[in-house]
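Student: Dumping the structure here so I can ask a few things about it.
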Amino acid sequence: MKKVTLHDKIFALSIPDTEIQQAVEKVAAQINKDMAGETPVFVGLLNGAFMFAADLLKLIEAPCEVSFIKYFSYAGTQSLGEVSELIGLNTNLKNRTVIILEDIIDTGLTISRLLNDLQSKGLKQVKIATLLFKPDAFKENYAVDYIGISIPNDFIVGYGLDYDELGRNLKDIYTLVQ
Ligand code: 5GP
Ligand code: MG
6 MKKVTLHDKI FALSIPDTEI QQAVEKVAAQ INKDMAGETP VFVGLLNGAF MFAADLLKLI
66 EAPCEVSFIK YFSYAGTQSL GEVSELIGLN TNLKNRTVII LEDIIDTGLT ISRLLNDLQS
126 KGLKQVKIAT LLFKPDAFKE NYAVDYIGIS IPNDFIVGYG LDYDELGRNL KDIYTLVQ
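Residue 151 in our numbering is what sits at position 146 of the sequence shown, and the numbering runs on without skipping anything.
Right, dumping it as C-alpha cells:
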C-alpha cells in the first residue's frame with residue numbers, strides 16, 4: 006500500500022486518482038442534466054475545492070461563471086472563540102442559479118454558514134456539489150444535491166485537502182493511519 010508522510014503523520018492511499026475522476030465525471034453528468042438551459046454561477050470554496058473545481062468545470066457543458074470564496078478564520082479577541090468572515094463574494098447573484106463547490110462535507114457547518122450568508126442575495130436557486138461526503142458526521146438538514154463519493158469518518162488528505170497545509174497537491178486521496 007502506497008504511503009506518504011506529512012509533518013508527523015503517515016497516510017495510506019485510499020482513493021486512487023482513477024476513482025476520483027470517475028466520481029467527478031458522475032457529478033458533472035448530473036449537473037449537465039440539471040443545468041440545461043441555465044447559466045449557473047459556480048462558487049468554489051478555497052482552499053480545498055480548487056482541484057475538484059478545476060477538474061469538474063472542464064466537463065461542464067452549460068455556459069457558466071466561476072468564482073471562489075474563502076472563509077477567513079481568526080481567533081476572536083473576546084470569548085467568542087473562532088470567528089469566520091466570508092471574503093471574495095463580489096458577484097451579483099440576484100436571480101442566479103448558484104452551485105457551491107466543496108471538497109468535502111463533514112459536519113456540514115461550513116456550508117450551513119455559507120447558505121446563511123447567501124440568503125440575503127436573492128438567488129433563484131442554490132445547489133451543493135461536493136466531491137466527498139461523510140454521512141456519519143453530517144449534522145445539518147439541508148440537501149446535498151451532488152455527491153461524488155461517500156466516505157467513512159476518517160481524516161483524509163490529497164486532491165486539494167491538507168494536513169496543516171501539506172498534501173493538497175497529491176493527485177490521489179490518502180487516509181490517516183498513524
Ligand atoms: P464541515 O464544516 O462540513 O464540518 O467541514 C468542512 C471542512 O472541514 C472541509 O472543507 C475541510 O476543510 C475540512 N475537513 C473535513 N473533513 C476533512 C478531512 O477528512 N480531511 C481534511 N483535510 N479536511 C477535512
Ligand atoms: Mg474545504
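All C-beta atoms, glycine included, are put in the ideal place defined by N, C-alpha and C.
Note that the structure is predicted; figures quoted are calculated from it, not measured.
Buried or exposed for Gln-83, please, with buried defined as at least 16 other CB atoms from any protein chain shown within 10 angstroms of its CB.
Tutor: With a pLDDT of only 47 at Gln-83, under the threshold of 50, the placement of this residue in the model should not be trusted, and no figure is reported.
Student: Given 8 Å as the limit, tell me if Glu-43 has its C-beta closer than that to any heavy atom belonging to the ligand 5GP.
Tutor: No, the beta carbon of Glu-43 sits no closer than 8 Å to any heavy atom of the ligand 5GP.
Student: Can you tell me whether DSSP reads Lys-38 as helix, strand or coil?
Tutor: DSSP places Lys-38 in helix when its eight states are reduced to three.
Student: What is the rounded straight-line gap between the Cα of Lys-63 and the Cα of Ile-105?
Tutor: Distance between the alpha carbons of Lys-63 and Ile-105 is about 16 Å.
Student: Quick one: what does DSSP say Thr-44 is sitting in, helix, strand or coil?
Tutor: It is coil, neither helix nor strand.
Student: I want to check one thing, is the minimum distance from the CB of Ile-109 to the heavy atoms of the ligand 5GP below 8 Å?
Tutor: At least one heavy atom of the ligand 5GP is nearer than 8 Å to the Cβ of Ile-109, so yes.
Student: Can you tell which of Gly-53, Leu-91 and Asn-97 has the C-alpha that lies nearest to the C-alpha of Glu-70?
Tutor: The shortest C-alpha separation from Glu-70 is found at Asn-97.
Student: Please report the straight-line C-alpha distance between Lys-38 and Gly-49, rounded to a whole angstrom.
Tutor: Lys-38 and Gly-49: Cα-Cα distance of roughly 20 Å.
Student: Can you give me the C-alpha to C-alpha distance between Leu-85 and Asp-159, rounded to a whole angstrom?
Tutor: The pLDDT assigned to Leu-85 is 48, lower than 50, so where the model puts this residue is not dependable; a value taken from the coordinates is nonetheless given after this. So the two alpha carbons sit approximately 28 Å from each other.
Student: Which first and last residues belong to the beta strand (DSSP E) in which Leu-18 is found?
Tutor: Per DSSP, Leu-18 belongs to the beta strand (DSSP E) from 14–20.
Student: According to DSSP, is Leu-85 helix, strand or coil?
Tutor: Only weak support exists for where Leu-85 lies, its pLDDT of 48 falling under 50; the coordinates are left without a value.
Student: Under 9 Å between the Cβ atoms of Ile-109 and Val-149?
Tutor: Against a cut-off of 9 Å, the Cβ pair of Val-149 and Ile-109 comes out as no contact.
Student: What would DSSP say about Lys-31, mapped onto helix, strand or coil?
Tutor: The answer is helix: DSSP assigns Lys-31 an H, G or I state.
Student: Could you tell me if the beta carbon of Tyr-168 falls within a distance shorter than 8 Å of some heavy atom in the ligand 5GP?
Tutor: Yes, the ligand 5GP has a heavy atom inside 8 Å of this Cβ.
Student: For the 8 Å Cβ check, are there 3 or more pairs between the stretch 11–22 and the stretch 165–178?
Tutor: These segments touch.
Student: Judging by CA-CA distance, which residue of Lys-139, Gly-42, Leu-171 and Asp-122 is the nearest neighbour of Ile-156?
Tutor: Answer by Cα proximity: Lys-139.
Student: Are there 16 or more other CB atoms within 10 angstroms of the CB of Lys-7, so buried, or fewer, so exposed?
Tutor: Burial call: exposed.
Student: With a CB to CB cut of under 7 Å and the five nearest residues on each side skipped, what residues in its chain are close to Leu-189?
Tutor: A question about residue 189 goes unanswered here, because the residues of the chain that appear run from 6 up to 183.
Student: Can you determine whether any heavy atom of the ligand 5GP sits closer than 8 Å to the C-beta of Val-182, and answer yes or no?
Tutor: No.
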